[in-house]
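Undergrad: Structure in structure tokens, see below.
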Amino acid sequence: MAEFGDLLRALGEFGLYQKLLILLLSLPLLLNPFQMVGQVFMVVEVPHHCDTSWIRAVGPNLTQEEQLNLTLPRGPDGHFEQCSMFSPVDWDLDSILAYGLNHTEKCSSGWVYPSEQPPSLLTEFDLVCDRAVLNDVSQSIYMAGLLIGAMIFGMLSDRIGRRPVFLTCILLQGVFGLGTAFVPHFYVFMAFRCVVGAAVSGIMIALLVTHTAFAIGQMSVAGLIACVLTFLIFGYKPPENHLVTHYILLYLNFRFADSIVYYGLSLSVTDFGLDIYLTQLAFGAVELPARISCIFLLEWFGRKKVQGILLLLAGLVCLILTGIPEDQPVVITVLAIIGKFTATAAFSTSYVYAAELFPTILRQTGVGLCSTMARVAGILAPLIIPLARYHRAIPKAIFGSIPVLVALFCILLPETRGVDLPDDTGNKEPPDEVGKGCQAESHVSGQLLAVPSRSSRPEL
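Residue numbers (the UniProt record's numbering): 1 to 460.
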């Protein structure tokens, strides 16, 4: 029986038809970044203060400045507090002017946004003060939608086909994406964003699985985690379970670290001190060379070294950012761009490396579990960013320390460059280099496996 790698070689090279197919199928994916980072630009911080129009009932002729001086406390910097006000009283204006107001409370009647900036999500849904965290929660809910979509549309893609799933997800993305512009409540907005995230995940699944030879694009099988849980719960462990579990547990950490630093930097674009639009332009521009460079880096240096070094560099950049003063926005932004480059390259590398680590019969399950962990990191990243209110270095320290620690575990994984992908998980292991006529050996966490040489394989 012919093996999968031999079949791929017999089918021919990556020709013009395949290149055009990838180009056309990639066009819908251009909308996905708008869904992920678009909300960053819709919730830009603007000046605000509590609505204290209650005093107009006793002082209708007060100027705006007089009203604010009487009803808002000032902070240590001399500016009006944005999230507190003096408690309303039933006094007349003369008593208020004579005795003043001393007791403060949180804003009870909403907020006022005196700036001339156009309306945004922040002003429409009052995402300030205690409600500011809702913006980060909504980003996490969108990431949760990606996970839900992978679980639902991944299985549907295998059952009813990629095309129906793709068209359905395009429709869902259009309807619910447009609906987010008209929803009256922010909780409804978050629900719509969850559906949009699921649709985006379905689009990625349908397109990527369609035009890849094997598991590089197979995030669709994230839902297969239930099958693995069944094995673990009921204690069923086939002979190959130990090695596969070893790979999965190790690479779950890698995918988590890749995603936490990637999404952490991507969603922190407003925190670097320069114009957010220019920063986002630089962030987007740097992703193209980062992804293209992986093609050459992986062939020159191998998957193992590239994955570990890129992950280490991305983490170190984040740790360096914690020590840069806030009055150096150019330095902060340049370092953030470098971090985004390395994080993007590490993220792209992880798809290739994960696909090659697992044998064909378990590749979908392994890659699916790794992608599930990536979605978990995407859910957590927006919830880590608000920790900056306690100290600005906390989020970057978390985003940096995790990949640095995880990068050290690269030494426990095998190199897969130039190695035939194994078809099963028997007591076999791919040769170190394709074309060698002898058996090769590789030690992975104490496991010694071997695969028959190519000369022993049947010809097509």
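Where a beta carbon is used, it is the ideal one built from N, C-alpha and C, also for glycine.
Which of the three DSSP states, helix, strand or coil, is assigned to Arg-389?
TA: Arg-389: helix per DSSP, three-state reduction.
Undergrad: Taking the alpha carbon of Phe-34 as the reference point, which residue from Lys-305, Leu-178, Pro-88, Gly-308 has its own alpha carbon closest?
TA: The option with the nearest alpha carbon to Phe-34 is Leu-178.
Undergrad: With which residues is Met-85 paired in a DSSP beta bridge?
TA: Bridge partners of Met-85: Glu-105.
Undergrad: Do you know offhand how far Val-137's Cα is from Ala-343's?
TA: Distance between the alpha carbons of Val-137 and Ala-343 is about 23 Å.
Undergrad: Quick check on the burial criterion: 16 or more other C-beta atoms within 10 angstroms. Buried or exposed for Glu-124?
TA: Classification for Glu-124: exposed.
Undergrad: Can you find the residues in the same chain that come closer than 7 Å, C-beta to C-beta, to His-185, ignoring five residues on each side of it along the sequence?
TA: Nothing listed; no residue qualifies.
Undergrad: Would you say Gly-145 and Gly-197 are within 8 Å of each other, going by their C-beta atoms?
TA: Yes, they are a contact pair.
Undergrad: Using the DSSP secondary-structure output, state which residues sit across from Phe-80 in a beta bridge.
TA: Phe-80 is bridged to Arg-74.
Undergrad: Considering Ile-292, what are the terminal residues of the alpha helix (DSSP H) in which it resides?
TA: 276 to 301 is the extent of the alpha helix (DSSP H) around Ile-292.
Undergrad: My guess is that Phe-254 and Ser-266 are in contact by the Cβ rule of under 8 Å, so how many angstroms apart are they, rounded?
TA: With a Cβ gap of about 18 Å, Phe-254 and Ser-266 do not count as contacting.
Undergrad: Nearest-angstrom Cα distance between Met-85 and Trp-111?
TA: Their backbone Cα atoms lie some 11 Å apart in a straight line.
Undergrad: For the candidate residues Leu-250, Leu-101, Asp-327, whose alpha-carbon lies nearest to that of Gln-307?
TA: Here the closest residue by C-alpha is Leu-250.
Undergrad: Given a threshold of 16 other Cβ atoms within 10 Å of its Cβ, counted over all protein chains shown, does Lys-19 qualify as buried or as exposed?
TA: With fewer than 16 Cβ atoms within 10 Å of its Cβ, Lys-19 is classed as exposed.
Undergrad: Per DSSP, what are the beta-bridge partners of His-49 in this structure?
TA: His-49 pairs with Val-112.
Undergrad: Any heavy atom of the ligand GTP inside 7 Å of the beta-carbon of Ile-398?
TA: Although the ligand GTP was asked about, the structure shown includes no ligands whatsoever.
Undergrad: Considering only the alpha carbon of each residue, which of Glu-45, Leu-310, Met-151 lies closest to Ala-407?
TA: The residue with the shortest Cα to Cα distance from Ala-407 is Leu-310.
Undergrad: Return the Cβ separation of His-49 and Gln-82 in integer angstroms, given the expectation that the two are a contact with Cβ distance under 8 Å.
TA: Between Gln-82 and His-49 the Cβ distance is about 6 Å, and since that is below 8 Å, they are a contact.
Undergrad: Smallest Cα separation from Leu-297: which of Ile-276, Ile-337, Asp-258, Ser-350?
TA: The candidate whose alpha carbon is nearest that of Leu-297 is Ser-350.
Undergrad: Let me confirm a value: Gly-378 is counted as buried when at least 16 other C-beta atoms fall within 10 Å, else exposed. Which label applies?
TA: Under this definition Gly-378 is a buried residue.
Undergrad: With respect to the alpha helix (DSSP H) encompassing Gly-177, which residues constitute its N-terminal and C-terminal limits?
TA: Counting along the chain, the alpha helix (DSSP H) containing Gly-177 begins and ends at 162 to 179.
Undergrad: Measure the alpha-carbon distance for Glu-326 versus Thr-270 and round it to whole angstroms.
TA: So the two alpha carbons sit approximately 13 Å from each other.
Undergrad: Please identify the residue among Asp-77, Ser-26, Asp-94 whose C-alpha is closest to the C-alpha of Gly-59.
TA: With distances taken between Cα atoms, Gly-59 lies closest to Asp-94.
Undergrad: Classify Asn-135 as buried or exposed, calling it buried when 16 or more other Cβ atoms lie within 10 Å of its own Cβ.
TA: Asn-135 comes out buried.
Undergrad: Output the distance between the C-alpha atoms of Ile-398 and Leu-313, rounded to the nearest integer angstrom.
TA: Answer to the nearest angstrom: the Cα atoms are 14 Å apart.
Undergrad: Select from Asp-130, Pro-329, Leu-171 the residue whose C-alpha is nearest the C-alpha of Phe-272.
TA: Of the candidates Asp-130, Pro-329, Leu-171, the one whose C-alpha sits nearest the C-alpha of Phe-272 is Pro-329.
Undergrad: Taking the continuous alpha helix (DSSP H) assigned at Ile-324, which residues delimit it?
TA: Run containing Ile-324: none; DSSP gives neither H nor E here.
Undergrad: Going by other Cβ atoms of all chains shown within 10 Å of its Cβ, with 16 needed for buried, is Ile-411 buried or exposed?
TA: Classification of Ile-411: exposed, given that the 10 Å Cβ count is below 16.
Undergrad: For Leu-156, collect the residues of the same chain with a Cβ closer than 7 Å to its Cβ; drop the 5 residues on either side in sequence, then sort them by chain order.
TA: Val-165, listed in sequence order.
Undergrad: DSSP on Ser-268, reduced to helix/strand/coil?
TA: Three-state result, Ser-268: coil.
Undergrad: Note the first and the last residue of the continuous alpha helix (DSSP H) segment covering Gly-59.
TA: Unbroken run through Gly-59: none, as it is neither H nor E.
Undergrad: Please report how far the alpha carbon of Ile-260 lies from the alpha carbon of Met-190, in whole angstroms.
TA: When rounded, the distance between both Cα atoms is 21 Å.
Undergrad: Once you ignore the five residues that flank Pro-88 on each side, which residues in its own chain have a CB closer than 6 Å to its CB?
TA: Hits under 6 Å: Trp-54.
Undergrad: Please go through the segment 117 to 161 and give each complete alpha helix (DSSP H) segment of 4 or more residues, from N-terminal end onward.
TA: Listed in chain order, the complete alpha helix (DSSP H) runs (minimum 4 residues) inside the segment 117 to 161 are 121 to 125, 133 to 160.
Undergrad: For the candidate residues Asp-258, Ala-346, Gly-315, whose alpha-carbon lies nearest to that of Ile-292?
TA: Measuring from the Cα of Ile-292, the nearest candidate turns out to be Ala-346.
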